[in-house]
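Heads up, the thing below is written out as structure tokens.
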Amino acid sequence: MALDRSDIEKIAHLARLAIAPEQTERYASDLSNILDLVAQMDAIDTSHVEPMAHPLHMAQRLRPDQPTESNQREHFQSIAPLTEDGLYLVPKVIE
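Under this note's numbering, think of the first position of the sequence shown as 25, with each following residue one higher.
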């Protein structure tokens, strides 16, 4: 897909980018190359490829699910401006 000067100016305006006029041709060429690469990748048949959650076949190292800090709820509740029945009271901001 070939982009021209007006396409680049429109994209720059939508992205709120300031591009020097002498650079629009270079950007048009670079973006056209990127879009051509995307078109090439889109043309490849991937129906036989199984979707992956991650590109590497690795098991994630997970730590044991154990608390690492003591329960400080009472302390934090004691220094809060307003609490009631274990809940923090905040001003109403939405009617």
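C-beta atoms are modelled at their ideal positions from N, C-alpha and C, and glycine is treated no differently. Remember, predicted model here, so these are calculated numbers, not experimental data.
Taking residue i as part of the alpha helix (DSSP H), name the residues at either end of that continuous run.
| i | result |
| --- | --- |
| N57 | T48 to A67 |
| Q101 | R97 to I103 |
| R29 | R29 to L38 |
Any idea which residues DSSP pairs residue i with across the strands?
| i | result |
| --- | --- |
| L111 | E108 |
What residues in its chain sit with their C-beta under 8 angstroms from that of residue i, if we drop five residues either side in the sequence?
| i | result |
| --- | --- |
| A104 | Y112 |
Is residue i close to the ligand GTP? I mean its beta-carbon at under 7 angstroms from any heavy atom of the ligand.
| i | result |
| --- | --- |
| L61 | Among the components of this structure there are no ligands whatsoever, and the ligand GTP is therefore not found. |
For residue i, count neighbouring Cβ atoms within 10 angstroms of its own Cβ and tell me buried if that reaches 16, exposed if not.
| i | result |
| --- | --- |
| L38 | exposed |
| I32 | buried |
Report all residues from its chain with a CB closer than 6 angstroms to the CB of residue i; omit the five preceding and five following residues, and keep chain order.
| i | result |
| --- | --- |
| A63 | none |
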